[in-house]
Each structure stands twice: as C-alpha cells, then as structure tokens.
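*Asks:* First the structure, which I've put down as structure tokens, then a few questions once you've had a look.
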Amino acid sequence: MSDQELERVKQILVGDLRDALQSIEARFEHEAFLALVTDVVAEALEQRTDTDSKISDVLAPTIDQAITGSINQDPKKLASSLYPIMGPAIRKSISETLQQMMENFNQLLEESVSPQSIRWRFDAWRTGRSYSELVMLNTIEFRIEQVFLIHRETSLLIQHQVSDLTDVKDPDMVSSMFSAIQDFIEDSFSTNETNELNTLRLGDLTVVIQRGPAAVLAAVVRGRVPEDLRVSMVRLLESLHGQKRSQLADYSGDPAEFIELEPDVRQLLQSEKKQQEKAKKKFPWLAVISIAVILSAIGYWQWLGFEINQQQKHLIKQLEATAGITLLEAKFSRDELNAKLLVDPDATQPDTILADATAEFSTRVTTTPYLSIEDKILQRRAMRILTPEEDIQLRVVDRILWAEGTATTNWLAQAQQQWMRVAGIESFDFNSLIVVNPDLDRINALTRELESFVFEFESGKAEIDTSTTQFQNLVTDVKSLLTQAKRLGYTVKIDVVGFTDASGSDRINRILGLQRALTLTTRLVENGIPATALAAYRSQDYPTFAEETSRETKLVVTLEAEN
Amino acid sequence: MLQKKICMLGAFSVGKTSLVQRFVSSIFDDKYHTTIGVKIDKKVITLDDQEFTLMLWDLAGEDVFNKINPTYLRGAAGCILVVDGTRPHTLDVAYEIRGLVAATLGDVPIVIALNKADLKDQWLLDDDAQVEMRQKFDVIETSAKSGNNVEEIFERLGRLML
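Read top to bottom, the protein sequences are chains V and H. The numbering used here puts the first residue of the first sequence at 9, with every later residue one more than the last. The numbering used here puts the first residue of the second sequence at 173, with every later residue one more than the last.
Shown next as structure tokens:
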C-alpha cells in the first residue's frame, strides 16, 4: 500500500477526528518535552556558564528589557528591592563627601582668613615663592624621629636614638642597608668622588646625612627639616671625632665604647622636640593683647556713647526742670543734641545750662519766646518790673503777689500803679508791708531839734551874737525845715518865746522877755528866714511856759498841712 | 654586644642566600640583591658565653656580567666564600674573590662553605682541587637544604675573628 493509499484509509477510518487527535498528540509531546527541559534547565545553564559566557550574552538583552519593563510598570518595586544596598551606599558616600568638605572648609578657613595667612601671603609676595610652598614650610611640623650614628668603615651602628611613638625596624640592619644604599647611589650616579649623598627624601620623610671622616650621622626627619639640624649634626660629629679618634680609627665592633655619647645623640632629638613643644605652648600674647586692646577700645567707645547719652539726657532733664523753659522736642545722637524749646525771657537761659555740657557733642537749640505763669517766673518778672527796695520781699504764690518788709510810701505808690504790668499776676497784697515816709521823719527830727534849742542871754540884756556856730546852725536848720515842709505840703509856724529870770521888776521883765524874743526873730529874718513863719512871744503870754524863769529864748514849732 | 660585619661571597647561584636564610632574621626583601647588589641580614651568635651580632652582607653572586662591588666589602671583619660542589667553576670564582678580598680588606678570616652537601653524589669537584682548597682555607661542607653545618660555618668564622 502506498503512502497515499494509507492516508486515504486513515481519512476514511478517523475522518474529521484526525486533526483533533493530531493536536492532542502535539500537546502531549510539548508537555512531555517541557517536563524534560524543566528537569535539566538549571543544570544545563550551570554547565554552559562554566564553559563560556554565551548564556549571559544571550540573557543580557532579556534581563535589560525585563528590568526596564518592571521599572515602567512599578518603579517602587525595584526601588524597595534595591533599598537595603543603595541606602548604606548612599549614606556612606554622602558622609564621606561631607567629611571631606568639612576638612577642606576647615583648612580653607584656617588658611585663608587668619592673620597668619595674610603674613604668609605677604612673605610669599616678598620672597617670590609660591604661597602653597610657604604654607607647607610654615605649617608642617617636624619631628626628628631617629638618629643613627654609624661607623663609616664597617657600617656598624654605634648609637641609635629614637623619639617616642616611632615605629622602628631593626636599626642594626637599617644602618647597614643605609650605608649600602649610600654606596650604591654614589657608585652608580656620582661623577665626582667628592660628591656625597647627603639627603634622602620620601614623601614628608627626609633622611639628613652628615658625614665625618670616620662616622656618619643620619637623622630621620618627618616634616620640614629644621634649618639648624645640620649644624647640630656637624658639631656632634666634630666633638665625636675629637673625643673618640682612636676608637673610631680601630673599631672593635663594641658600641659600649661610645655609650657616653648617648645624651649627645639624644640631644639631637630632644632639643628639636623641646623647641617644637615650646613653639606649641607659647602663649599667644600678641593675639591676647590685640584682642584686649580692641575690646577695650570698643568698650571705651560704647562707654563714651553711654556717657554722652547720659549727659544729653541729664541736660534735657535740667532744661525741663528749669522754670520758664518748656521742652517741645529733643533728639539725641552721638555727636549732637537737638532741642526745641519755649523760653520765658525771665527764665535761666538755655545757653547758661548748656554751657556746662562737654565738648564731646555739640548742642543745637531752637528757642521760641513765651510768657510763663509759673510762680517762680512771675516772682522774677515782678522783681524786674517793680524793683523793690532793699527791705522789701516779694513772693508769688498761686499767682498772687505778696509784698513784705518795710517800704517807703514812694515805692508803694509806684508799685500800686505798676503791678498790673507784671503779666500773669492776679492781685497784689501789701497788707503786711510796713510803710514809712522818710521825708516826714526828717521834718519831725528837725522840729525836735529846733524845740530843744535854747538861746541864753546875759542878765538884763537882749543882745545876740550872730557870729556863733549855735546861731548859724539854727539858721540852717530852720531853712532846711521850711524847705522840706514845703515840699511835703506843710506850713511851718515857729513861735519864739523869750524868758527872764525872777530878778527885776515884773514890768521890766515882761519887756525884756519880749525884747529877747524879738531880737532872735529879727536876727533870723535878717538871715533870710521869712518873717511870716516867725512870731515873738514873752513867756508870760505863752501858756505852755507861763511859770518858767530863765535868761533865754525857746522855739515852739507847729506844722500845719496845707489844704 | 660586639658587632661584626661579615660578607657572604661566591659565584652566581651557589646558595649564599639560601645559607643565610637558614640562619638569620631578615627584614629586607631579596629583591635588593638585584637592585643594589646587596642584602643585609643579622644574626646573633653565642661563643664561649659571649654574644656577637653578625651583620651579614649577602652580596649578589658574581658572574661574568656582574662583578662584586668592592665598596660593599669595606669594613668587613670576615668573609664566607660559598662554593657549589656540583659546579667546579665556582671554586675558581671563589679564588678570584679571595684575591679581591685580600686587596680590599687585607688579611681577614675567610671560611669556605662547600655547599650542596646533600647533592654530594653529583659533585664534580675533583679530589686534587678539594685537597688544594682544604690546604688554603677553612672548609666546611654545608647544605642549605638540610641545614647541615650552617650554624657551624658562622661559628667557625666567629672564632677566627675573635
């Protein structure tokens, strides 16, 4: 049966189910294959990975795609998966960056703004070196860590001194190797036999080598090499060669022969250390003093400002407290006091008050005149206008003017007219004032003097010697009385009464008495006294003196006010 | 403590460094041999209750291209010449070096380490040469590999230097 026939038989037998059967068969085959592959896929991948990198090459695009897809779909998922790795990594990176930044910043701060850095910049400019070079020279501390004293011929170590905290490798071997290296370098590179290796440098470490004829000193310096180190080394070598010539020339290999050199070699370390410590511990006097000076200057300035302010306030208070001054406005500033005032002319003037101010600030005062009705000012104004006499006290209380003491009628009369000119005074009370009239007193005094005047005559006679002082005084007094009385509005009447003694006849005595009175009257008229003011009486006719007897005349003065 | 500088000398690849390594404390790398031609090691030995510090200058092996730098010999109190029993030529080199030592250092103690005693069946030194050598020098057969006589050779030199 051919294939075609077989197909046809199948077609007849199975008919339409054939396709379905085929599809079932295919599915079974697929699942069986899948199960087969599932069992081996991991191992297969592992095996292939060992052989070559083909699998990762093949998978890479797929993984890329998968990751991209995952991120596009939900970025949070991937982020939370990566979080445990990314978090610490990022934190570490940030903290490192920050730390570095802080260090840089610190350094920058220290080096860019300090007075020292300014000095270094100046030095750099002055010496033509770069700033960074100078900073390095100045900032890097040095420490002489080790000193080797090496016997030159054998390269054996005679002395080794080391500063504290220095990590040291076997110094014997270092010493020998050191010599070997020197020999090597000199043999390899030196063109001249006198050339010697005198410095080795590695980073901030320098080996300073100083050679003597029989011994070599090598100092290991960390940081800047101090200028005087080589000098110290040369000195030590010189003294060593002096002291130990024979031991050096024929060295047995016993370092004990040089044991007493230990302090000297150690000194090389110590002196430099000491110097370093000294420099470190040096108290910053300059800085402290500068700061103190600056602070005290600031303090003084502040204090001065405060003082000025206090002075200004004090002045303003003084002005405000002054009677007759009213403060309108005050402005304070450090160098000027500005004030606007109302000032009564009778007040203490602001200039007088401000004259006390110091020269620390200037004062500018604008004044406007006004009239104050403060009692104190009213009192001054009253004093100015009324010009009270010496014994008068003027007081103002509640705008009432009080006058006390003793006043003349003249002043009182004037005051009574003038007090209303004292602006602000409401009334004038002078009830307690004692008022006197000095002119009247003087007239009264003259009157009493004249009345005490007694002119004596010789017995039986009625003549008067007008040349006597007594008479002249009488004339003067009478004239004065007349003049003053007239000025005050009085009329003066002087009665001249003549007396006789008891001897003689009564008739003669009567005539004689009148004669005596008439003689005096006549003489007075002759000396310019108006006759109208005089009248002559004999005592017998004058009631007051009717019974008196004596050889004299008396005067009786009467004043009458003129109408 | 007494210190002495001694030099390890010999032809290329005779086992100087191996001998020293058997014997010493070292802080320097072997590469110094090739860079500067010498490597320094140190050994403290005790002879008759007295301690010695030996500074061992292990000089690079000499061959036709690489001569010993006489500067490195300076100040040495004694030398160990190493000869490889399997290579007779190394004895000739040792003689040459002895001449250099005598010229540089004068009369200093020298001990010959006849090395590679563990390979004695492969030795190619003829008897006459050995006799002659033993007449002229202190010779000790050593093996850096087994450590045989290594201590002794330094001790021998130490005694000669005393």
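Note that the Cβ used here is the ideal one computed from N, Cα and C, for glycine as well. Only a predicted model underlies this, so the values are computations on that prediction, with no experimental measurement involved.
Alpha carbon to alpha carbon, what distance is there between Met-180(H) and Ile-252(H)?
*Replies:* Residue mapping note: residue 252(H) aligns to position 80 of the second sequence, counting from 1. Residue mapping note: residue 180(H) aligns to position 8 of the second sequence, counting from 1. Each residue's alpha carbon lies about 5 Å from the other.
*Asks:* Measure the C-alpha to C-alpha separation of Val-564(V) and Val-504(V) and round it to an integer number of angstroms.
*Replies:* Here the question's residue 564(V) lines up with position 556 in the first sequence. Here the question's residue 504(V) lines up with position 496 in the first sequence. Going by the C-alpha atoms only, they are around 6 Å apart.
*Asks:* Let's see if you can read the secondary structure: which residues bound the beta strand (DSSP E) around Val-303(H)?
*Replies:* Counting from one through the second sequence, the residue named residue 303(H) turns up at place 131. Here Val-303(H) belongs to no beta strand (DSSP E); instead the alpha helix (DSSP H) covers 299–308.
*Asks:* Can you give, in chain order, each stretch of the beta strand (DSSP E) that sits fully within the segment 390–463 of chain V and has at least 3 residues?
*Replies:* With a minimum length of 3 residues, the continuous beta strand (DSSP E) runs that stay inside the segment 390–463 of chain V are 400–405, 408–416, 435–437, 441–444.
*Asks:* For Gln-507(V), which of Ser-475(V), Phe-465(V), Glu-412(V) has the nearest alpha-carbon?
*Replies:* Position 499 of the first sequence, counted from the start, is the residue given in the question as residue 507(V). The sequence given here places Phe at residue 507(V); Gln does not occur at that position. The shortest Cα separation from Phe-507(V) among Ser-475(V), Phe-465(V), Glu-412(V) belongs to Phe-465(V).
*Asks:* Tyr-308(V): buried (16+ other C-beta within 10 angstroms of its C-beta) or exposed?
*Replies:* Counted from its first residue, the first sequence places residue 308(V) at position 300. By the 10 Å Cβ count, Tyr-308(V) comes out exposed.
*Asks:* In whole angstroms, what is the alpha-carbon distance linking Asp-11(V) and Gln-73(V)?
*Replies:* Working through the first sequence from its first residue, we reach residue 11(V) at position 3. Working through the first sequence from its first residue, we reach residue 73(V) at position 65. So the two alpha carbons sit approximately 49 Å from each other.
*Asks:* Is it the case that the Cβ atoms of Val-216(V) and Ala-227(V) are separated by a distance below 9 Å?
*Replies:* As a working note, residue 216(V) is residue 208 in the first sequence. As a working note, residue 227(V) is residue 219 in the first sequence. Yes, the Cβ-Cβ distance between Val-216(V) and Ala-227(V) is below 9 Å.
*Asks:* What does Pro-263(V) touch in chain H if you count any residue whose Cβ is under 8 Å from its own?
*Replies:* On the first sequence, position 255 is the one that residue 263(V) refers to. What Pro-263(V) touches in chain H: Met-173, Gln-175.
*Asks:* Nearest-angstrom Cα distance between Val-176(V) and Trp-293(V)?
*Replies:* Along the first sequence, read from residue 1 onward, the residue named residue 176(V) stands at position 168. Along the first sequence, read from residue 1 onward, the residue named residue 293(V) stands at position 285. Taking the straight line from one Cα to the other gives about 39 Å.
*Asks:* Taking Cβ to Cβ, would you say Ser-183(V) is nearer than 9 Å to Leu-165(V)?
*Replies:* Here residue 183(V) refers to the residue found at position 175 of the first sequence. Here residue 165(V) refers to the residue found at position 157 of the first sequence. It is a contact, given that the beta carbons lie within the stated cut-off.
*Asks:* Could you tell me the alpha carbon to alpha carbon distance between Ser-31(V) and His-38(V), rounded to whole angstroms?
*Replies:* To locate residue 31(V), count along the first sequence from 1; it is residue 23. To locate residue 38(V), count along the first sequence from 1; it is residue 30. The alpha-carbon atoms of Ser-31(V) and His-38(V) are separated by roughly 10 Å.
*Asks:* Taking only beta-carbon atoms, is Leu-208(V) less than 9 Å away from chain H?
*Replies:* Taking the first sequence and counting its residues from 1, the one referred to as residue 208(V) is at position 200. Judged by the 9 Å Cβ criterion, Leu-208(V) is not in contact with chain H.
*Asks:* Do the segment 236–250 of chain H and the segment 276–283 of chain H meet, that is, are 3 or more Cβ pairs less than 8 Å apart?
*Replies:* Touching, per the Cβ criterion.
*Asks:* If we call anything under 9 Å between Cβ atoms a contact, is Leu-225(V) one with Leu-157(V)?
*Replies:* Taking the first sequence and counting its residues from 1, the one referred to as residue 225(V) is at position 217. Taking the first sequence and counting its residues from 1, the one referred to as residue 157(V) is at position 149. Cβ atoms of Leu-225(V) and Leu-157(V): closer than 9 Å.
*Asks:* In whole angstroms, what separates the C-alpha of Ile-126(V) from that of Val-296(V)?
*Replies:* As a position in the first sequence, residue 126(V) is number 118, starting the count at 1. As a position in the first sequence, residue 296(V) is number 288, starting the count at 1. The straight-line gap from Cα to Cα measures roughly 18 Å.
*Asks:* Which parts of the segment 249–319 of chain H are runs of the alpha helix (DSSP H), unbroken and 4 residues or longer, counting only runs that do not cross its ends?
*Replies:* DSSP runs (the alpha helix (DSSP H)) wholly in the segment 249–319 of chain H: 261–277, 299–308.
*Asks:* Let me confirm a value: His-322(V) is counted as buried when at least 16 other C-beta atoms fall within 10 Å, else exposed. Which label applies?
*Replies:* For the purposes of this step, residue 322(V) is identified with residue 314 of the first sequence, where counting begins at 1. Exposed is the call here.
*Asks:* In chain V, which residues lie less than 7 Å from Met-227(H) when you measure between Cβ atoms?
*Replies:* As a first step, residue 227(H) must be located in the second sequence, where it is residue number 55. Near Met-227(H) (Cβ distances below 7 Å), the residues of chain V are Leu-164, Asp-180, Ser-184.
*Asks:* Apply the 10 Å Cβ neighbour rule to Ser-304(V) and answer buried if 16 or more other Cβ atoms are within range, or exposed otherwise.
*Replies:* Reading the first sequence from its first residue, position 296 is the one you call residue 304(V). Answer is exposed; the Cβ neighbour count stays below 16.
*Asks:* Assign Asn-439(V) to one of two classes, buried (16 or more other C-beta atoms within 10 Å of its C-beta) or exposed (fewer than that).
*Replies:* For the purposes of this step, residue 439(V) is taken as the residue at position 431 of the first sequence. Counting Cβ neighbours within 10 Å, Asn-439(V) comes out exposed, since fewer than 16 surround it.
*Asks:* Between the C-alpha atoms of Ala-390(V) and Pro-396(V), what's the straight-line distance to the nearest angstrom?
*Replies:* As a working mapping, residue 390(V) is identified with position 382 in the first sequence. As a working mapping, residue 396(V) is identified with position 388 in the first sequence. Roughly 9 Å separates the two Cα atoms.
*Asks:* Quick one: measure Cβ to Cβ for Gln-169(V) and Leu-277(V), integer angstroms, because I've assumed they're closer than 8 Å.
*Replies:* Looking up residue 169(V) in the first sequence gives position 161. Looking up residue 277(V) in the first sequence gives position 269. About 6 Å; that satisfies the 8 Å criterion.
*Asks:* Using a Cβ cut-off of 9 Å (strictly closer), state whether Ile-208(H) contacts chain V.
*Replies:* In the second sequence, counting from the first residue as 1, residue 208(H) sits at position 36. For Ile-208(H), the answer is yes, since a Cβ of chain V falls inside 9 Å of its Cβ.
*Asks:* Between the C-alpha atoms of Leu-29(V) and Lys-85(V), what's the straight-line distance to the nearest angstrom?
*Replies:* Taking the first sequence and counting its residues from 1, the one referred to as residue 29(V) is at position 21. Taking the first sequence and counting its residues from 1, the one referred to as residue 85(V) is at position 77. So the two alpha carbons sit approximately 45 Å from each other.
*Asks:* Is the Cβ of Phe-156(V) closer than 9 Å to any Cβ of chain H?
*Replies:* On the first sequence, residue 156(V) is found 148 positions in, with the first residue counted as 1. Not closer than 9 Å to any Cβ of chain H, the Cβ of Phe-156(V) fails to qualify, so no.
*Asks:* Which residues, in chain order, does the segment 235–268 of chain H contribute to contact with chain V at a C-beta distance below 8 Å?
*Replies:* Residues passing the 8 Å Cβ filter: Asn-241, Thr-243, Tyr-244, Arg-246, Gly-247, Ala-248, Ala-249.
*Asks:* Identify the contact partners of Asp-220(H) in chain V, using a Cβ-Cβ distance below 8 Å as the criterion.
*Replies:* Against the second sequence, residue 220(H) aligns to sequence position 48. Going along chain V, no residue has its Cβ under 8 Å from Asp-220(H), so there is no contact; the nearest lies around 16 Å.
*Asks:* Taking 8 Å as the cut-off, does the segment 281–296 of chain H touch the segment 321–329 of chain H (at least 3 CB pairs, one atom from each stretch)?
*Replies:* The segment 321–329 of chain H, when compared against the segment 281–296 of chain H, does touch it at the 8 Å Cβ threshold.
*Asks:* Taking the straight line between their C-alpha atoms, what separation do you get for Asp-549(V) and Val-444(V)?
*Replies:* Here residue 549(V) refers to the residue found at position 541 of the first sequence. Here residue 444(V) refers to the residue found at position 436 of the first sequence. Cα-Cα distance, rounded: 38 Å.
*Asks:* Less than 9 Å separating the beta-carbons of Leu-228(H) and Phe-184(H)?
*Replies:* Here the question's residue 228(H) lines up with position 56 in the second sequence. Here the question's residue 184(H) lines up with position 12 in the second sequence. No, Cβ-Cβ distance for Leu-228(H) and Phe-184(H) is not below 9 Å.
*Asks:* Is it the case that the Cβ atoms of Gly-182(H) and Val-273(H) are separated by a distance below 9 Å?
*Replies:* One-based indexing of the second sequence puts residue 182(H) at position 10. One-based indexing of the second sequence puts residue 273(H) at position 101. Taking 9 Å as the Cβ cut-off, Gly-182(H) and Val-273(H) do not qualify as a contacting pair.
*Asks:* Starting from Leu-205(V), follow the alpha helix (DSSP H) in both directions and report where the run begins and ends.
*Replies:* Counted from its first residue, the first sequence places residue 205(V) at position 197. Leu-205(V) -> no alpha helix (DSSP H), and no H or E assigned at all.
*Asks:* Along chain V, in chain order, which residues have C-beta atoms closer than 9 Å to that of Lys-214(H)?
*Replies:* What you label residue 214(H) is simply residue 42 of the second sequence in a count that begins at 1. Result: Asp-178, Asp-180, Met-181, Ser-184.
*Asks:* Between which two residues does the alpha helix (DSSP H) harbouring Thr-527(V) extend?
*Replies:* To locate residue 527(V), count along the first sequence from 1; it is residue 519. Element bounds for Thr-527(V): 514–534.
*Asks:* In terms of residues, what are the limits of the beta strand (DSSP E) holding Phe-224(H)?
*Replies:* By 1-based counting over the second sequence, the position of residue 224(H) is 52. Where Phe-224(H) is concerned, the enclosing beta strand (DSSP E) stretches over 222–231.
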